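The structure under discussion appears below in the form of structure tokens.
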Amino acid sequence: MHKPVVSFVAPSGTGKTTLLEKVIVALKARGVRVGAIKHDAHRFEIDHPGKDSYRFTHAGADTTVITSSETLALVKRHAASPSPEELIAAYFEDVDLVLVEGFKRSTLPKIEVHRRAGEAKLICRGEYHDPALLAVASDEPLQLDVPVLDLNNPAQVAEFIIKRVVQGMAA
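Residue numbers (the working numbering): 108 to 278.
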């Protein structure tokens with residue numbers, strides 16, 4: 108893959124979305140064009156009954172686009188969830204970096220989110236040693252073979268991503 112990408116992984120309820128939201132703000136402040144992908148292991152509906160676009164999709168349209176002067180949304184039916192690599196290639200040409208929430212078993216470069224109050228075992232350094240782990244963002248000190256970033260310092264996480272992933276791919 109030729110696009111800089113980082114997946115944030117952790118058990119549900121650890122704070123991935125909260126951290127990602129703050130990291131996006133910090134990256135945008137540095138002038139980085141950011142794309143985001145949220146992996147949802149459950150079924151979800153982006154459109155709602157009664158709306159025209161919902162009616163198109165439920166009538167059988169394989170692809171429905173909802174657009175306005177400021178926003179575009181795409182509803183695309185598929186038999187199986189596309190890989191993050193497929194999604195990035197298809198939809199993220201116009202960004203400098205793609206941040207992904209989830210896809211913990213992918214080969215994407217990862218930052219694992221860890222909280223003292225959460226699960227003691229790490230996903231990427233537990234029973235499974237993930238070679239794609241770049242760092243762990245934690246609220247407690249850990250002794251690991253990868254950098255441990257301050258979970259409560261999204262600017263530090265953003266700077267790590269810029270230096271290690273964005274500039275690292277350009278080198």
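Cβ coordinates follow ideal geometry from the N, Cα and C atoms, glycine included.
Quick caveat, the model's predicted, so the values are computed rather than measured.
- The continuous beta strand (DSSP E) containing Thr171 extends over residues 170–174.
- Taking the Cβ atoms as the reference, Thr124 lies roughly 13 Å from Arg222, outside the contact range of under 8 Å.
- Cβ neighbours of Val112 within its own chain (closer than 8 Å, five residues either side excluded): Pro191, Ile195, Leu204, Val205, Leu206, Val207, Leu215, Pro216, Val272.
- For the set Pro118, Ala187, Lys145, the Cα lying nearest the Cα of Gly233 is the one of Pro118.
- Between Leu126 and Ala239 a beta carbon distance of about 18 Å is seen, past the 8 Å cut, so the two are scored as non-contacting.
- In the three-state scheme derived from DSSP, where H, G and I count as helix and E and B as strand, Leu240 is classed as strand.
- Each of Val202, Tyr198, Cys231, Asp169 was checked against the Cα of Gly209, and the nearest Cα belongs to Cys231.
- Counting C-beta atoms within 10 angstroms of its own C-beta, Leu179 has fewer than 16 neighbours from the protein chains shown and is therefore classed as exposed.
- Distance from Leu251 to Phe267 at the Cβ level is roughly 14 Å; contact not present, criterion being Cβ atoms closer than 8 Å.
- Each residue's CA atom was taken as its position, placing Arg212 and Tyr161 some 32 Å apart.
- Val116 has Glu219 as its beta-bridge partners, per DSSP.
- Here Asp237 is buried: its Cβ has 16 or more other Cβ atoms, across all protein chains shown, within 10 Å.
- Counting the other CB atoms within 10 Å of its CB gives Leu258 a total of 16 or more, which places it among the buried residues.
- The three-state reading of DSSP puts Glu226 in coil, since its state is none of H, G, I, E or B.
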